[in-house]
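Enquirer: Residue numbers (this note's numbering): 229 to 714.
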């Protein structure tokens, strides 16, 4: 069978499963199986989409975020060994590599930059550089046809946080329109057995307009003119999905999926500011203005730990015999790691109350640790607080909130296939289960190396025809009602 995967970057299950105006998605839910989807740690586009496609956790891929330490050196500047992830970073075979001799089409799938040389066609993701001479497709000559079809092909929107909202909304909608038009053309005019498309525009709408949509957001203003911008985009996506379904026959496996969800962002926690206050990070000179970590004068001979920001914090230790100027004796590593985990989890919010953060040891949550893993990963305040690594704010809690959102640990999936024994709502699915499930439904062997398991391998009992009255749907409906959305 053919496989069609439609990725919606950051789609919130609370919206997808409760908005009855999403008619095409409701039709797929009625025909197949759907549910919340546990994401990986960290729940971010890089590495989540490649984790989904390979059924490997981030540690096994050696991909812990958009930027990763290349080795254990701590030269000056301290982060000169950070490498930006690209498609060459992925060594594990993806689901499209398992389809022996079959044709694949990839459009906008992170981390498809430079474009993967698949048996078929690939169009680069949001990381594709700009420029008339830049090749963002494989084969390269496909770029000419795409330009003829839609004009300049936008892989992403630029200046997301600096753009006036009217202009930003228009540009995101326009980008999405062009990308879906290219996707439909490839579906209808090119040979394919596996099709994988990811709409990045939804994440950009979340980042630009979540504070306009969510009454719980600290910057929400009632009756603001953009409160319906996000619902409008979801409904436009539903129309795009419907236009794709018209191109497919009833023997095609269809998966609509988000690799993680979205939720409000309350603020940022300056992890290195906290480490300085705790005497764990020592500077030769404290900056007068907020300064990126790589530009700080770190005294490595006295520093025990430092952090990297993002949707969550990655914390690294300065270990003797591992880093050039290591301070922590290797024999004390486990004890120090345990102590740091407790201290990070105890960090309070601005009001002095616990943030209820989660801190993870990579060696405990990943099956393998390849390349240079962080020593700890911290989710602050249930991911309602992001982490920043800059120093110079003079405080730990920073309201540099841009009005956007942060990932939530649950995405969603809707799956239909003529031979799928599951129906209704499914509980307990994991992102790593998706590739094995697709392969099993399409009649391919599931490689032993895949870490997820097929949902259709003896798991029918977990699916129930709950309908709108089902427990999980009531939960998401109640949360959506709290957002003022239903």
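Using N, Cα and C, we set each Cβ at its ideal position, and we do this for glycine too.
Below 7 Å between beta carbons: does that hold for residue 533 and residue 543?
Expert: For residue 533 and residue 543, yes; Cβs fall inside 7 Å.
Enquirer: Work out the CA separation of residue 320 and residue 214 for me, nearest whole Å.
Expert: Outside the modelled stretch of the chain, which goes from 229 to 714, sits residue 214, for which no answer is possible.
Enquirer: Between residue 233 and residue 423, which are expected to be in contact by the criterion C-beta below 8 Å, what is the C-beta distance as a whole number of angstroms?
Expert: Confirmed, about 7 Å.
Enquirer: Can you name the start and end residues of the alpha helix (DSSP H) that residue 399 belongs to?
Expert: 393 to 417 is the extent of the alpha helix (DSSP H) around residue 399.
Enquirer: Below 8 Å on the Cβ atoms is my contact criterion, and I expect residue 596 with residue 288 to pass it. Report the Cβ-Cβ distance as a whole number of Å.
Expert: Yes, residue 596 and residue 288 are in contact; Cβ-Cβ is about 4 Å, under 8 Å.
Enquirer: Looking at the structure shown, is residue 232 part of a helix, part of a strand, or coil, going by DSSP?
Expert: Residue 232 falls in the strand class under three-state DSSP.
Enquirer: Nearest to residue 362 by CA position, among 376, 380, 347 and 348, is which residue?
Expert: Residue 380 is the option with its Cα nearest to residue 362.
Enquirer: Spell out a yes or no on whether the region 233 to 249 and the region 463 to 482 are touching, meaning 3 or more CB-CB pairs, one atom from each, closer than 8 Å.
Expert: They touch, by the three-pair rule.
Enquirer: Taking 8 Å as the cut-off, does the region 248 to 264 touch the region 513 to 525 (at least 3 CB pairs, one atom from each stretch)?
Expert: No, because fewer than three Cβ pairs between the region 513 to 525 and the region 248 to 264 fall closer than 8 Å, the two stretches do not touch.
Enquirer: Mind the definition here: the region 617 to 633 touches the region 427 to 437 only if three or more C-beta pairs lie below 8 Å; say whether that holds.
Expert: They touch, by the three-pair rule.
Enquirer: What are the boundary residues of the alpha helix (DSSP H) that residue 254 is part of?
Expert: Run containing residue 254: 251 to 259, per the alpha helix (DSSP H) assignment.
Enquirer: Measuring only the C-alpha atoms, how far is residue 335 from residue 468?
Expert: Between residue 335 and residue 468, the C-alpha separation is close to 15 Å.
Enquirer: Given residue 645, which residues of its chain have a CB within under 6 Å of its CB, disregarding the five upstream and five downstream residues?
Expert: Within the same chain, residue 645 has close Cβ partners 481 and 669.
Enquirer: Mind checking which residues open and close the beta strand (DSSP E) that includes residue 644?
Expert: Note, residue 644: beta strand (DSSP E), 638 to 644.
Enquirer: With a cut-off of 8 Å on the beta carbons, I'd call residue 640 and residue 486 a contact; round off their distance for me.
Expert: Sure, about 5 Å apart at Cβ, within 8 Å.
Enquirer: Using 8 Å for Cβ pairs, my map puts residue 600 next to residue 296. What's the rounded Cβ distance?
Expert: The Cβ separation is near 7 Å, so the contact holds.
Enquirer: Could you give the DSSP three-state label for residue 437: helix, strand or coil?
Expert: Three-state DSSP puts residue 437 in a helix.
Enquirer: Given that a residue counts as buried once 16 or more other Cβ atoms are within 10 Å of its Cβ, and exposed if not, what is residue 392?
Expert: The residue in question, residue 392, is exposed, as its Cβ has fewer than 16 Cβ neighbours within 10 Å.
Enquirer: Expressed to the nearest angstrom, what Euclidean distance is found between the alpha-carbon atoms of residue 549 and residue 500?
Expert: Near 23 Å, if we compare the C-alpha coordinates of residue 500 and residue 549.
Enquirer: Taking all protein chains shown into account, do 16 or more other C-beta atoms lie within 10 angstroms of the C-beta of residue 427, making it buried, or fewer, making it exposed?
Expert: Buried, since its Cβ has 16 or more Cβ neighbours within 10 Å.
Enquirer: Going residue by residue through the region 299 to 342, where are the continuous beta strand (DSSP E) segments of at least 3 residues, counting only ones entirely within it?
Expert: Runs found: 310 to 312 and 332 to 335.
Enquirer: Would the beta-carbon of residue 524 fall within 7 Å of that of residue 626?
Expert: Not in contact: residue 524 and residue 626 (Cβ atoms no closer than 7 Å).
Enquirer: Could you pull the start and end residues of the alpha helix (DSSP H) that residue 524 belongs to?
Expert: Note, residue 524: premise wrong, no alpha helix (DSSP H); not H, not E.
Enquirer: Give the DSSP-derived three-state secondary structure of residue 623 in the structure shown.
Expert: Three-state DSSP puts residue 623 in coil, outside helix and strand.
Enquirer: If you draw a straight line from the C-alpha of residue 257 to the C-alpha of residue 242, how long is it?
Expert: Residue 257 and residue 242: Cα-Cα distance of roughly 14 Å.
Enquirer: Counting C-beta neighbours from all protein chains within 10 Å, is the total for residue 340 16 or more, i.e. buried, or is it exposed?
Expert: Residue 340 should be labelled buried.
Enquirer: In whole angstroms, what is the alpha-carbon distance linking residue 342 and residue 311?
Expert: If I take the Cα positions, the gap works out to 15 Å.
Enquirer: Could you tell me the alpha carbon to alpha carbon distance between residue 502 and residue 604, rounded to whole angstroms?
Expert: Using only the alpha carbons, I get a separation of about 15 Å.
Enquirer: Ordered along the chain, which non-local residues of its own chain (more than five positions away) have a Cβ less than 6 Å from that of residue 536?
Expert: Hits under 6 Å: 542 and 617.
Enquirer: By Cβ distance below 6 Å, which residues in the same chain neighbour residue 643 in space, the five residues on each side in sequence not counted?
Expert: Once the five neighbours on either side are set aside, the close Cβ partners of residue 643 are 260, 261 and 483.
Enquirer: Please say whether residue 238 and residue 431 have beta carbons closer to each other than 7 Å?
Expert: Yes, these two residues count as a Cβ contact at 7 Å.
Enquirer: In three-state terms, what does DSSP make of residue 648?
Expert: It is coil, neither helix nor strand.
Enquirer: Residue 267 and residue 488: beta carbons closer than 7 Å?
Expert: Against a cut-off of 7 Å, the Cβ pair of residue 488 and residue 267 comes out as a contact.
Enquirer: Confirm, please, whether the CB-CB distance from residue 665 to residue 650 is below 7 Å.
Expert: No, the Cβ-Cβ distance between residue 650 and residue 665 is not below 7 Å.
Enquirer: Sort out for me which residues DSSP pairs residue 270 with in a bridge.
Expert: Answer is none; residue 270 lacks a bridge partner.
Enquirer: Taking C-alpha atoms, which residue in 417, 452, 444 and 388 lies nearest to residue 429?
Expert: Residue 429 has its Cα closest to that of 388, out of 417, 452, 444 and 388.
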